[in-house]
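Under the working numbering, the first residue of the sequence shown carries the number -15, and numbering increases by one thereafter.
One structure is given below, encoded as structure tokens.
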Amino acid sequence: MALRNNFNKTKRKSEIYSGKIFYSWLLSFLIIFSIPALLSLLLQMNTNKLLKKELYNLEREAVLQMKYICDGEMKTIHQYVGQIAENDNVQIFLDNTIHDKTEQKVNIKKVFDYLRSQKAQESAIQDIYLFSKSNGYMISTKHGGNAQDTVIFQYEKAFGIDKDTFWNMLNKTTSSTLMFQDDTGNNTLYYYRVVVTDDLRNPAGCILVSYQLGEKIFNTDEERIGGILVDNSMFWDVWNSKLHSENVRNILIEALPFTQVLIDGNDYLIVKEKSEIENWTYVYGVRPASFFYHIEQSQKAYLLFLFGSFILCIVAANYLAVRNYNPILSLVESIQQQRFDENVKKDRTFAWLENSYKDMARERYLLENQLEKEKNVIVNNILSRIIKGYYKREIDVEKALEQYQISFIYENYRIVVWSVDDYSKLFFQDNPELEADTLELLHFLIENVGGECLRKVITSVYSVECDNLVVFILNYPGTENEEKMQEALIYQNNQVKKILKDKFGLRLTWFDSKQYNRILNLKVAYMECLTKMENWNNPDVNDILENNKTLEEQNRFLAFLYEENYDNAAKQFIYLVEKYSEKNKEGWKVKLYIYYLLEKMSEILQENIKFSQLFEKEEMKHLLNIPDEDKLKESVINLIDSLSSYGEQEKQGYISRSIQILHFIDTNIYNPDLSIGMIAEEFGITESYVSKLIKKSHDIQILTYINKKRVENVKYLIENTDLNINEIASRSGFYSYRTMIRTFRQQEGITPSDYRRKTGQRKKN
């Protein structure tokens, strides 16, 4: 009996001891393994929220970009429609005041041509319809027009509805945006505006403009959705140019500004932004299903792993308790007996999470840099086109600069061109695959070092890569001490040359142009630098120029021209060419020398207003196409002999012509198309001759005079009317209110809004 009691006590002690081992091992497992695992699970669950927040920021930027582009295009469309409604020929057409059929046809032709010109100025406008209610006549830039009792306009083909339904709908609508579907099933958005004359209750007609917003900006993508909720009555897909179903429209109307919705069986994260121009809302969304699907699957797998590990832990704890062994306690004892090895590798259990975050940050950084790089490429292309003379009118240049927010705030321009002397010294000659990288590195060095030095003299400096050259555009206000600024520019350019040679071993040469007061003259400045570069690289011409005696003889020839002693100038020219021909028998070298003398001759004569137009006429250009050096020499001599008679003819007419030009400007100052090109075309002269003529006669730059007159009109309208900024800009000859604000600030030092506030305070006082 006593033996049995002792056995039972021993068994209970063993069970108690083995239970302690089980629970201690299980507790150790939970502390060492489960707590970090649960923390990492919590971190992974928060990843979803972080990614959603980041996705929201990206969508927000996208919808704001859509709003900026589309609202800007609608502002332009509103402005064009307002100009159409105020056009005199359009008013005559709508009022039907002409009863003579011949005059009616002439008026219709003028209206048709005017509508086509308006449509050509804005790429977003697809077609313009002008309806006259009084005579039942319609004009369209694509479909032509229909007269009474003639061909009937096909309303079903154009708008998908008959004539009565069309007019009934227009009479009842209160919306400025309409949607029609033609007989081919194509949907089109239209901007609708009623045109009134004297009686507001009896509109004379209407203007209907079909447009396509953002067609050059957005591209179709099945993973995205982007469009416009128009008046909460329809949803227009900007990217796919289609109208979504009523069900999709209702879903988007009820959706919160940032929420997940189901559209056509796909989940979209939706962002909405209210337009400031029209009564509509911009919508942008992406499909995050595939992205978040992998995260959700990994979370489920992780939970399953934790559950399986916990079950395994219980089984292992029970097994070890039977064996009376606790591995955690054994591990703690062994740690107390020895030191850690300093070279033990770090635990990388969650390295995948760290790498995921690094990849996300890297991809976003690359995306931002890619967008910035693409913008820089576009800006470089625009400035390169201006330099090469791609744009023919100043208004085209202004539109291109305004679209990409490039501003030249001053009226004076210079160009500095940098060229590499010897490309054979560069390392890409041994490996052609490195050529592009080497040129990019070269241009990077020149742009940064050159820009830093030149900005010490002129703050507004733009660098452009053009024809494998680096071109700096210097934009600065007028200065009284032009010679001092020129010396400072020469010093800074030489500093750039020295730094690049000493630090990087680059042998470079720079060439600069004269001062010009129009942005279109950047082409002339660029050609001037290229001409200097050609003369610099030609050793034969340089050899002649380095000869002091020859230089004196050339100066004598130029002095004769300056003094208008054309007989002696012709003799000196013959002497110089014959002397050069004795040393150089090759005909092409003689032609090159004659071209050099002709260039010097043009520089002298263009300073005289009498001859400034001569060197821009077509008769002058034919000299460059004469193949024989003797005939070229004879033609130049004839040109010199004709200077005396030509100068007398020009002298008599240029003063009275300048007065006619100023009168033409005053008469057309309200026309936004008024430009130097328009004036030159009106008087049959060149643009540079117009500028020189006004400068010489009235001591003012022609663009300064135009802007001064327009600003005076802006000030008058601000002081005497309650018109808004857009209307004042259109009535003062500006294409946009931004251009008006920039010009007004340059001349008055304040914005038009500040000027209005000041004049309002003076009136109150």
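Ideal Cβ positions, reconstructed from N, Cα and C, are used throughout, including at glycine.
Taking its Cβ as the centre, do 16 or more other Cβ atoms sit within 10 Å of R323, making it buried, or is it exposed? Stepping through the sequence shown from its first residue, residue 323 is reached at position 339. Residue confidence is low: R323 scores 43 on pLDDT, short of 50, so the model does not pin down where it sits. Its coordinate-derived value is still stated next. With fewer than 16 Cβ atoms within 10 Å of its Cβ, R323 is classed as exposed.
How is the beta strand (DSSP E) around N396 delimited, first residue to last? Counting from 1 along the sequence shown, the entry for residue 396 is found at position 412. Looking at the DSSP string, the run of the beta strand (DSSP E) that includes N396 is N396 to V404.
So I725 is in the alpha helix (DSSP H); what residue range does that whole segment cover? Along the sequence shown, read from residue 1 onward, the residue named residue 725 stands at position 741. Per DSSP, I725 belongs to the alpha helix (DSSP H) from Y721 to E732.
Per the DSSP calculation, L213 is bridged to which residue(s)? Walking along the sequence shown from the start, residue 213 turns up at place 229. According to DSSP, which records beta bridges pairwise, L213 is partnered with F219 and T265.
Beta carbon of A751, beta carbon of Y721: below 9 Å? For residue 751 there is no data in the structure shown, the boundaries of the chain being -15 and 749.
In the DSSP assignment, find the beta strand (DSSP E) that holds S716 and state where it starts and stops. Taking the sequence shown and counting its residues from 1, the one referred to as residue 716 is at position 732. Run containing S716: none; DSSP gives neither H nor E here.
So V698 and M724 are supposed to be a Cβ contact under 8 Å. How far apart are they, rounded? Within the sequence shown, residue 698 is the residue found at index 714, counting from 1. Within the sequence shown, residue 724 is the residue found at index 740, counting from 1. About 6 Å; that satisfies the 8 Å criterion.
Does the stretch 485 to 493 come close enough to the stretch 436 to 444 to have 3 or more Cβ pairs within less than 8 Å? no
I'd like to check one pair, L458 with L473: are the Cβ atoms closer than 9 Å? Here residue 473 refers to the residue found at position 489 when the sequence shown is read from its first residue. Here residue 458 refers to the residue found at position 474 when the sequence shown is read from its first residue. Yes. Within cutoff.
Output the boundary residues of the beta strand (DSSP E) element that contains Q105. Against the sequence shown, residue 105 aligns to sequence position 121. From DSSP, Q105 is part of no beta strand (DSSP E); its letter is neither H nor E.
Kindly indicate which residue of T86, Y175, K156 and I503 has the alpha-carbon position closest to the one of Y64. Locating residue 64 in the sequence shown gives position 80, where the first residue counts as 1. It is Y175 whose Cα lies nearest to the Cα of Y64.
Could you check what DSSP says for N465 in three-state terms: helix, strand or coil? In the sequence shown, residue 465 corresponds to position 481, counting from 1. Here N465 sits in coil by DSSP.
By the DSSP assignment, the beta strand (DSSP E) with I243 in it spans what residues? Sequence index remark: in the sequence shown, residue 243 carries index 259 (1-based). Correcting the residue type first, residue 243 is Thr in the shown sequence and not Ile. Looking at the DSSP string, the run of the beta strand (DSSP E) that includes T243 is F242 to I247.
Using a 10 Å radius around the Cβ and a threshold of 16 neighbouring Cβ atoms, would you call S403 buried or exposed? Here residue 403 refers to the residue found at position 419 of the sequence shown. Buried, since its Cβ has 16 or more Cβ neighbours within 10 Å.
To the nearest angstrom, report how far apart E671 and E45 are at their CA atoms. Stepping through the sequence shown from its first residue, residue 671 is reached at position 687. Stepping through the sequence shown from its first residue, residue 45 is reached at position 61. So the alpha carbons of these two residues sit roughly 44 Å apart.
Tell whether a beta-carbon distance below 9 Å holds between A384 and R398. As a first step, residue 384 must be located in the sequence shown, where it is residue number 400. As a first step, residue 398 must be located in the sequence shown, where it is residue number 414. Not closer than 9 Å, so no.
Sequence-distant residues of the same chain with beta carbon closer than 7 Å to K575, five excluded per side: In the sequence shown, residue 575 corresponds to position 591, counting from 1. Counting only Cβ-Cβ distances below 7 Å, and skipping sequence neighbours, we find E613 and L616.
Pull up the DSSP beta-bridge partners for K256, would you. Along the sequence shown, one-based indexing puts residue 256 at 272. DSSP, once it has assigned bridges, lists V267 as partnering K256.
For Y374, does the three-state DSSP call read helix, strand or coil? Locating residue 374 in the sequence shown gives position 390, counting from the first residue. DSSP places Y374 in coil when its eight states are reduced to three.
E548 in three-state terms, based on DSSP: As a first step, residue 548 must be located in the sequence shown, where it is residue number 564. E548: coil per DSSP, three-state reduction.
Starting from T751, trace the alpha helix (DSSP H) in both directions and tell me its first and last residue. The question about residue 751 has no answer, for the chain in this structure spans -15 to 749.
Top-ranked residue by Cα proximity to Q196, from I684, V179 and L173: Walking along the sequence shown from the start, residue 196 turns up at place 212. The residue with the shortest Cα to Cα distance from Q196 is L173.
Where does V95 fall in DSSP's three states? Numbered from its first residue, the sequence shown carries residue 95 at position 111. In this structure, V95 counts as helix in the three-state DSSP scheme.
Just to confirm, is the Cβ distance from M218 to M163 under 9 Å? Counted from its first residue, the sequence shown places residue 218 at position 234. Counted from its first residue, the sequence shown places residue 163 at position 179. Result yes, Cβ atoms of M218 and M163 sit closer than 9 Å.
Buried or exposed for K329, going by 16 or more other Cβ atoms inside 10 Å? Counted from its first residue, the sequence shown places residue 329 at position 345. In this prediction, K329 has a pLDDT of 42, which is less than 50 and means its spatial position is unreliable; nothing more can be read from the coordinates.
Where does Q476 land, buried or exposed, given buried means 16+ other C-beta within 10 angstroms? Here residue 476 refers to the residue found at position 492 of the sequence shown. Looking at its Cβ environment, which holds 16 or more other Cβ atoms inside 10 Å, Q476 is buried.
Per-residue DSSP class, three states only, for T161: Locating residue 161 in the sequence shown gives position 177, where the first residue counts as 1. Reduced to three states, the DSSP call for T161 is strand.
Residues in the same chain with beta-carbon distance under 8 Å from L707, minus the five sequence neighbours each way, listed in chain order, please. Within the sequence shown, numbered from 1, the residue matching residue 707 stands at position 723. Only L701 and R715 meet the Cβ criterion.
Which residues in the same chain have their Cβ closer than 8 Å to the Cβ of K498, if we skip the five residues on either side of it in sequence? Your numbering for residue 498 matches position 514 in the sequence shown. So the qualifying residues of the chain are R398, A509 and E512.
Please work out which residues of its chain come closer than 6 Å, Cβ to Cβ, to R740, disregarding the five sequence neighbours upstream and downstream, and give them in chain order. For the purposes of this step, residue 740 is taken as residue 756 along the sequence shown, with counting starting at 1. Here the set comprises I702.
Taking just the CA atoms, how far does S642 sit from V363? Numbered from 1 along the sequence shown, position 379 holds the residue referred to as residue 363. Numbered from 1 along the sequence shown, position 658 holds the residue referred to as residue 642. Answer to the nearest angstrom: the Cα atoms are 37 Å apart.
For E87 and F137, what's the separation of their Cα atoms in angstroms? Position 103 of the sequence shown, counted from the start, is the residue given in the question as residue 87. Position 153 of the sequence shown, counted from the start, is the residue given in the question as residue 137. Those two C-alpha atoms are separated by around 22 Å.
Where do the N-terminal and C-terminal ends of the beta strand (DSSP E) with G189 fall, by residue? Residue mapping note: residue 189 aligns to position 205 of the sequence shown, counting from 1. Looking at the DSSP string, the run of the beta strand (DSSP E) that includes G189 is G189 to Y195.
Just to confirm, are I621 and F541 a CB contact at a threshold of 9 Å? What you label residue 621 is simply residue 637 of the sequence shown in a count that begins at 1. What you label residue 541 is simply residue 557 of the sequence shown in a count that begins at 1. No, Cβ-Cβ distance for I621 and F541 is not below 9 Å.
For Y176, which residues does DSSP report across the bridge? Position 192 of the sequence shown, counting from 1, holds the residue named residue 176. Looking at the DSSP assignment, Y176 forms a beta bridge with L192.
With the cut-off set at 9 Å, would you say G189 and Y266 are in Cβ contact? Translated into positions along the sequence shown, residue 189 becomes position 205. Translated into positions along the sequence shown, residue 266 becomes position 282. No.
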